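**Q**
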Amino acid sequence: METQANSNYENQVIDRFWSDFKQQSRSIMESEPVLADLFNKLVFTCSNFDQCLARIISSKLATREVDKQQLFQVCMQAYAENRCLLENAVADVYAVLTRDPASSSIVRILMFLKGPHVIESWRISHWLWEQDRKDLACYIQSRISDVFSVDIHPAARIGKGLMLDHATNIVIGETAVIEDTVSLLHDVTLGGTGKECGDRHPKVCKGVMIGAGAKILGNIRIGEGAIVGAGSVVLADVPAHTTVVGVPARVIGHPQMEMPSLDMDQTFKGCKSESTEPLCPGIHVKQV
Numbered sequence: 001m002e003t004q005a006n007s008n009y010e011n012q013v014i015d016r017f018w019s020d021f022k023q024q025s026r027s028i029m030e031s032e033p034v035l036a037d038l039f040n041k042l043v044f045t046c047s048n049f050d051q052c053l054a055r056i057i058s059s060k061l062a063t064r065e066v067d068k069q070q071l072f073q074v075c076m077q078a079y080a081e082n083r084c085l086l087e088n089a090v091a092d093v094y095a096v097l098t099r100d101p102a103s104s105s106i107v108r109i110l111m112f113l114k115g116p117h118v119i120e121s122w123r124i125s126h127w128l129w130e131q132d133r134k135d136l137a138c139y140i141q142s143r144i145s146d147v148f149s150v151d152i153h154p155a156a157r158i159g160k161g162l163m164l165d166h167a168t169n170i171v172i173g174e175t176a177v178i179e180d181t182v183s184l185l186h187d188v189t190l191g192g193t194g195k196e197c198g199d200r201h202p203k204v205c206k207g208v209m210i211g212a213g214a215k216i217l218g219n220i221r222i223g224e225g226a227i228v229g230a231g232s233v234v235l236a237d238v239p240a241h242t243t244v245v246g247v248p249a250r251v252i253g254h255p256q257m258e259m260p261s262l263d264m265d266q267t268f269k270g271c272k273s274e275s276t277e278p279l280c281p282g283i284h285v286k287q288v
């Protein structure tokens, strides 16, 4: 019964989003007729959100060799077999809407912003990877890299409510994990430290904000509600609810919010220096 109730709620969320999306799309099309063909092809030929999202993704990733219709069918199969992909897509769009002051429309976010295109395309590649269709998953990874300049391995694990702000030059490795409600700015790397195999990439917990240009390397943990400042290089675990900055990164204080990813404050307000020691392996850092 609980599973059925959850499913009904998820469908209601998706249906409400789709209704709002169509209404806003119609207003945009009426005010900007040059976009009429675009909206007719990607929105108003669709009977539900599944088809619309599949058309958006396939239109971005298609080539002469693997055309839009083939990719559209792959997306539709994924959505039919895993409805959570659609719920996650809605959560990702609302994440941008509530965290980015430059984004005031769910239509602009999903139709025109690169971040949602990247993450929803990646979710298809991850679904394929989980279905053991690894070659097609890697092909889509390659197309995401070619089209968006973002490289996310299909085997990585990413939660919902992710915001990729500007979404350029982001690299996320094979064994990386990103939990729900995380915000990443451009030029972030979640990478390894060399040629080691196995579990070798960062684990980013709920509510974390990672600033532009930050490099987080190795099988380390970024604790819940932490901030990694822009341009930082992180080589060891970051305790929950701390702010780190520098090369190598060091703790400078604590965020004012439980979930900095929602606030997006990158000025380190309220942070006072607590340590002059870098966050390096083997160095003890005071826990919250």
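Residues in the sequence shown are numbered from 1 upward in steps of one, following the UniProt record's numbering. The C-beta atom is built at its ideal place from N, Cα and C for all residues, glycine as well. Model, not experiment: these values are computed from the prediction.
#1: What residue range does the alpha helix (DSSP H) around LYS215 cover?
#2: Taking C-beta to C-beta, are GLY159 and ALA95 nearer than 7 Å?
#3: Using the beta-carbon count (16 or more within 10 Å), is VAL34 buried or exposed?
#4: Taking the C-alpha atoms as reference points, what is the distance between HIS201 and GLY207?
#5: Report the rounded CA-to-CA distance for ASP180 versus ALA236, giving the unit in angstroms.
#6: Suppose you measure from the CA of ASP135 to the CA of PHE268; what does that come to, to the nearest Å?
#7: Tell me ASP151's beta-bridge partners as DSSP assigns them.
#8: Mapping the DSSP letters down to three states, classify LYS286 as helix, strand or coil.
#9: Select from TRP122, ILE252, ASP132, ALA155 the residue whose C-alpha is nearest the C-alpha of ARG143.
#10: First and last residue of the alpha helix (DSSP H) that includes GLY115?
#11: Assuming ILE252 is part of the beta strand (DSSP E), what are its boundary residues?
#12: Any chance you could list the beta strand (DSSP E) runs of at least 3 consecutive residues sitting entirely within the segment 32-93, in chain order?
#13: Report yes if the CB atom of ALA62 is closer than 7 Å to the CB atom of LEU53, and no otherwise.
#14: Using a Cβ-Cβ cut-off of 6 Å (strictly less than) and excluding sequence neighbours within five positions of VAL87, which residues of its own chain qualify?
#15: Return the CA-CA distance between GLY282 and ILE220, expressed in angstroms with no decimal places.
#16: Report buried or exposed for GLN23, applying the criterion of at least 16 other Cβ atoms within 10 angstroms of its Cβ.
**A** On the basis of the coordinates in this document:
#1: Note, LYS215: premise wrong, no alpha helix (DSSP H); beta strand (DSSP E) at 215-217.
#2: no
#3: exposed
#4: 18 Å
#5: If you take the alpha carbons of ASP180 and ALA236, they lie about 21 Å apart.
#6: 43 Å
#7: According to the DSSP secondary-structure assignment, ASP151 is paired through a beta bridge with VAL171.
#8: Note that LYS286 scores 38 on pLDDT, short of 50, meaning its location in the model is unreliable; the coordinates nonetheless yield the value given after this. In the structure shown, LYS286 sits in coil (DSSP, three-state: anything other than H, G, I, E or B).
#9: TRP122
#10: 114-130
#11: Element bounds for ILE252: 250-253.
#12: The segment 32-93 is shown to contain no whole beta strand (DSSP E) run of 3 or more residues.
#13: no
#14: One point to set straight first is that residue 87 is Glu, not Val, in the sequence displayed. For GLU87, where only same-chain residues beyond five positions count, the Cβ hits under 6 Å are GLU10.
#15: Unreliable placement is indicated for GLY282, whose pLDDT of 42 sits below 50; no coordinate value is reported for it.
#16: exposed
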